[in-house]
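J.: First residue of the sequence shown? That's 1 in the UniProt record's numbering, and the numbers climb one at a time after it. Where a beta carbon is used, it is the ideal one built from N, C-alpha and C, also for glycine.
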Amino acid sequence: MPKIVFALFCLAILLSSKSFGQIKVGISNNYPPYNYINAEGELVGFNVDILKAIEDIYHLDLEIVSDSWENINHAIENNEIQAIAGAHYPGHPDANYLYSRSVIQTSHCFLYNTKNHKKFSQEVLRTTSRPVVALWENDVLTHYVRSINPNTEFIFVTSYTQLLDALEREEVLCAISQKIAGIYHAKELGKDYIYSSDNKVLERNMGFKISKNSEQFARTIDNGLEIIMANGEYQRIYDKWIKNYNITHHGWDYYSRYFLIAAIIAGGIISLLFIVNQILHKRVRAKTMDLQHQLELNSQIMKELEEQKIKAEESDRMKSAFLANMSHEIRTPMNGILGFTHLLKSHENSKNEQEEFIELIEQSGERMLTTINNIIDISKIEAGIESVKIDEVDIKKVVNDLYQFFNPEIRARNLKFNVRENGTYSSRPFFTDAYKLNSILMNLVKNAVKFTSKGSITIGYSWNGEEADFFVEDTGKGIPPEKMKAIFSHFVQADLSHNRGFEGSGLGLSISKGYVEMLNGKIHAESEPGKGSTFFVVIPNGQPDQ
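Right, here's the structure in full:
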């Protein structure tokens, strides 16, 4: 139904756009890469493609008027054209014109010559005794620079060629220019050694400036921008014209933040592991002392005490295995973070390599955070401080939300993701802890995704008014029968060789089991090696909190 409404809405806009008649839109011809005349004499650029994309959507009758910035502004004042593409917003109310939503945000930045100055920052500008800065004569920019260093001397230019030539002079510390245009001209002149800083100065929004008499055209422009931003066309145009020039070369102070974050995380992890180790050690020691006391009091229970002692020793062994597994899950991403941050120190990396390294650092950080969260959840369950909050829950919505969340990832693995409603579905309301139910099912689906390389994953449910039944079925490698009892333990994994090659701490199933028990439910698994596994969960209807 929503798709039909949206289609009718687009059709109405398309039909109404036919009533415009011809619309004349002015575009400056000398502001690359936003809009300019290329070597073939064609008007091209970011704003030109944006306008053409909207024109193609609504089949508008547009006439593009290309001229100098001064002339097209004079033309809209005299009602010779109805709009200007690529106009900056004035920053104050303008009663004479309408403005579209922002198409792109622009800003100025510092440019510097790495042949003369290996590094640059605002701190360098501030501490240089009499720095020389090249820029266009502009009160706002000169005031900004003098607010950093009052002793600054200026070289005023009237073109990007003059600006970049000024940077060749050794006494010139830096220049200020529009960032995208400045890097564009530097690349066109083969000056790849001209870098931009990460400082943003004079940030402004660019869009369409439209005559007051063309309100319907203004609405069409806004709607068209919404569409191309949603369908990916805007991103394609941005990547074509802007992305390669929106480059920032960060200094060591930027990357030092990652080292600080990594150090804080490492300290927190070590502290957390120490606390967990102390808690487990105290429990084992207390249990052992209790067993010894019982042996002294009553020889009749010697057999039971012996069994408890064995369990305590097994718990200690499990603790060691747990800590070893957690240590691996923490060291692996931490080594990744430290390794790639070390690579980022090198100035020989390309932009693509730097972006790849940063993405890998982010992935390692996310993996480490997941491990920490799982440890915290297990600790809260073990400590008995996790509470249950009963509310009415829409089972279908919970399952559908999980489907929407996991479907892109599962499809990316060339797997099928199915949802199945089994049997009848009662109209009675279902009460349980929504967060814990969602966590249980999410961990089961994550487990299925992890161990399924081909085939499908299915999540099913039913509700008879008394209890809700769920299952998660996969066509993965399956679990050997002798390992089934260990799969819900958070101290050891069913089989280390079984999980080899798969990321994760193995805590998801034990967290699910803990939450199921807190909800007075049941969980078990059935599996056949080589064919897959199915996890079953039964949650009884609870009593709502008063």
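1) For PHE217, count neighbouring C-beta atoms within 10 Å of its own C-beta (all shown protein chains included) and say buried if the count is 16 or more, exposed if not.
2) Just list the residues that DSSP pairs GLY458 with in beta bridges.
3) Does the Cβ-Cβ distance between ILE148 and SER196 come in under 8 Å?
4) Quick one, are the C-beta atoms of ALA85 and ILE180 less than 8 Å apart?
5) Does the distance from the CB of LEU164 to the CB of VAL133 come in under 8 Å?
6) How far does the alpha helix (DSSP H) with HIS524 in it extend, from its first residue to its last?
7) Using a Cβ-Cβ cut-off of 6 Å (strictly less than) and excluding sequence neighbours within five positions of PRO529, which residues of its own chain qualify?
8) Indicate the three-state DSSP secondary structure (helix, strand or coil) for GLU77 in the structure shown.
9) What three-state label does DSSP hand GLU517 in the structure shown?
10) Assuming residue 557 and GLY224 form a contact by the criterion Cβ under 8 Å, report the distance between their Cβ atoms to the nearest whole angstrom.
11) For the region 389-403 against the region 284-300, are there 3 or more C-beta pairs whose distance is under 8 Å?
12) Can you check which of these residues, GLU188, THR288 and TYR425, is closest to ASN38 by C-alpha distance?
13) Looking only at its own chain, which residues have a Cβ that is under 7 Å from the Cβ of residue 557, when we skip the five neighbours before and after it?
14) For ASN418, which of ILE440, PRO429 and ILE459 has the nearest alpha-carbon?
15) On the DSSP letters alone, give me the boundaries of the alpha helix (DSSP H) that PRO408 sits inside.
16) Please go through the same chain and pick out, in chain order, the residues whose beta-carbon is closer than 8 Å to the beta-carbon of SER177, but skip the five residues on each side of it.
17) Can you check whether the CB of LYS24 is closer than 8 Å to the CB of TYR97?
18) My assumption, with CB atoms under 8 Å, is that ILE440 sits in contact with VAL516. Please give the rounded CB distance.
19) Less than 8 Å between the CB atoms is what I'm expecting for GLY521 and PRO544, so what's the real figure, rounded?
20) Can the beta-carbon of TYR36 be found less than 8 Å from the beta-carbon of LYS209?
21) May I have the straight-line CA-CA distance separating ALA494 from LEU509, to the nearest angstrom?
22) Comparing alpha-carbon positions, which option in TYR425, ARG169 and LEU51 lies nearest ASN116?
23) May I ask you to verify whether the region 430-440 touches the region 382-389, counting CB pairs closer than 8 Å and requiring at least 3?
24) Jot down the residue ranges of each uninterrupted beta strand (DSSP E) in the region 159-198, minimum 3 residues, whole runs only, in chain order.
25) For SER102 and ASN205, which I take to be in contact (beta-carbon distance under 8 Å), what is that distance rounded to the nearest angstrom?
26) In the structure shown, what three-state DSSP assignment does TYR89 receive?
27) Taking the continuous alpha helix (DSSP H) assigned at THR220, which residues delimit it?
28) Can you pull the DSSP bridge partners for GLY465?
29) Does the distance from the C-beta atom of ALA83 to that of GLU233 stay below 8 Å?
30) Taking only three categories from DSSP, how would you classify LYS212?
31) Would you list the one or two residues that DSSP bridges to LYS243?
32) Taking the beta carbon of GLY267 as the centre, do at least 16 other beta carbons fall within 10 Å, making it buried, or is it exposed?
33) Any idea if LYS200 is buried or exposed, counting beta-carbon neighbours within 10 angstroms, 16 or more meaning buried?
34) Quickly, what does DSSP pair GLY207 with across the bridge? List them, please.
35) Sorted by chain position, which residues of the same chain lie with C-beta nearer than 8 Å to ASP401's C-beta, five sequence neighbours on each side aside?
36) On the three-state DSSP scale, how would you describe GLU359?
T.: On the basis of the data shown:
1) For the purposes of this step, residue 217 is taken as the residue at position 217 of the sequence shown. Buried is the call here.
2) Start at 1 with the first residue of the sequence shown, and residue 458 comes out as number 458. Reading off the sequence shown, one finds Thr at residue 458, where the question assumed Gly. Per DSSP, ASN418 and GLU473.
3) Counted from its first residue, the sequence shown places residue 148 at position 148. Counted from its first residue, the sequence shown places residue 196 at position 196. No; because the gap between Cβ atoms is not below 8 Å, this pair is not in contact.
4) Walking along the sequence shown from the start, residue 85 turns up at place 85. Walking along the sequence shown from the start, residue 180 turns up at place 180. No, the Cβ-Cβ distance between ALA85 and ILE180 is not below 8 Å.
5) In the sequence shown, residue 164 corresponds to position 164, counting from 1. In the sequence shown, residue 133 corresponds to position 133, counting from 1. Against a cut-off of 8 Å, the Cβ pair of VAL133 and LEU164 comes out as no contact.
6) Numbered from its first residue, the sequence shown carries residue 524 at position 524. Careful: HIS524 lies outside any alpha helix (DSSP H), inside the beta strand (DSSP E) at 522-528.
7) Counted from its first residue, the sequence shown places residue 529 at position 529. Answer for PRO529: GLY478 and PRO480, listed in chain order.
8) Taking the sequence shown and counting its residues from 1, the one referred to as residue 77 is at position 77. Three-state DSSP puts GLU77 in a helix.
9) Here the question's residue 517 lines up with position 517 in the sequence shown. Note: GLU517 maps to helix in three-state DSSP.
10) In the structure as shown, the chain starts at 1 and stops at 546, and residue 557 therefore has no counterpart that could be examined.
11) no
12) The residue you call residue 38 lines up with position 38 of the sequence shown. Selected option, being the one with the closest Cα: GLU188.
13) With the chain covering only 1 through 546, there is no way to say anything about residue 557.
14) Residue mapping note: residue 418 aligns to position 418 of the sequence shown, counting from 1. Looking at the Cα atoms, ILE459 is the closest of the given residues.
15) Mapped onto the sequence shown, residue 408 falls at position 408. 395-412 is the span of the alpha helix (DSSP H), which, as asked, contains PRO408.
16) As a working note, residue 177 is residue 177 in the sequence shown. Cβ within range, chain order: HIS108, CYS109, LEU111, LEU135, TRP136, TYR160 and LEU163.
17) Counting from one through the sequence shown, the residue named residue 97 turns up at place 97. Counting from one through the sequence shown, the residue named residue 24 turns up at place 24. For TYR97 and LYS24, no; Cβs fall outside 8 Å.
18) Within the sequence shown, residue 440 is the residue found at index 440, counting from 1. Within the sequence shown, residue 516 is the residue found at index 516, counting from 1. The pair is a contact, with the Cβ atoms about 6 Å apart (cut-off 8 Å).
19) Start at 1 with the first residue of the sequence shown, and residue 521 comes out as number 521. Start at 1 with the first residue of the sequence shown, and residue 544 comes out as number 544. Not a contact, Cβ separation roughly 17 Å.
20) For the purposes of this step, residue 36 is taken as residue 36 along the sequence shown, with counting starting at 1. For the purposes of this step, residue 209 is taken as residue 209 along the sequence shown, with counting starting at 1. Their beta carbons are not under 8 Å apart, which means TYR36 does not touch LYS209 by this criterion.
21) Here residue 494 is taken as the residue at index 494 of the sequence shown, counted from 1. Here residue 509 is taken as the residue at index 509 of the sequence shown, counted from 1. Residue placement at ALA494 is flagged as unreliable, the pLDDT there being 37, under the threshold of 50; a coordinate-derived value is accordingly withheld.
22) Residue mapping note: residue 116 aligns to position 116 of the sequence shown, counting from 1. Comparing Cα-Cα distances from ASN116 to each of TYR425, ARG169 and LEU51, the minimum goes to ARG169.
23) yes
24) 172-178 and 194-196
25) Translated into positions along the sequence shown, residue 102 becomes position 102. Translated into positions along the sequence shown, residue 205 becomes position 205. Right, the Cβ-Cβ distance comes to about 4 Å (below 8 Å), so this counts as a contact.
26) For this step, residue 89 is matched to residue 89 along the sequence shown. Three-state result, TYR89: coil.
27) Locating residue 220 in the sequence shown gives position 220, where the first residue counts as 1. Where THR220 is concerned, the enclosing alpha helix (DSSP H) stretches over 215-231.
28) Position 465 of the sequence shown, counted from the start, is the residue given in the question as residue 465. Bridge partners of GLY465: none, in fact.
29) The residue you call residue 83 lines up with position 83 of the sequence shown. The residue you call residue 233 lines up with position 233 of the sequence shown. No. Outside cutoff.
30) Reading the sequence shown from its first residue, position 212 is the one you call residue 212. Three-state DSSP puts LYS212 in coil, outside helix and strand.
31) As a working note, residue 243 is residue 243 in the sequence shown. None, per the DSSP bridge assignment.
32) For the purposes of this step, residue 267 is identified with residue 267 of the sequence shown, where counting begins at 1. Label assigned to GLY267: exposed.
33) Numbered from 1 along the sequence shown, position 200 holds the residue referred to as residue 200. Burial call: exposed.
34) Locating residue 207 in the sequence shown gives position 207, counting from the first residue. Answer by DSSP bridge pairing, in chain order: ALA87.
35) Residue numbering aside, residue 401 sits at position 401 when the sequence shown is read from its first letter. Taken in chain order, the residues that qualify are ASN438.
36) Position 359 of the sequence shown, counted from the first residue, corresponds to residue 359. Three-state result, GLU359: helix.
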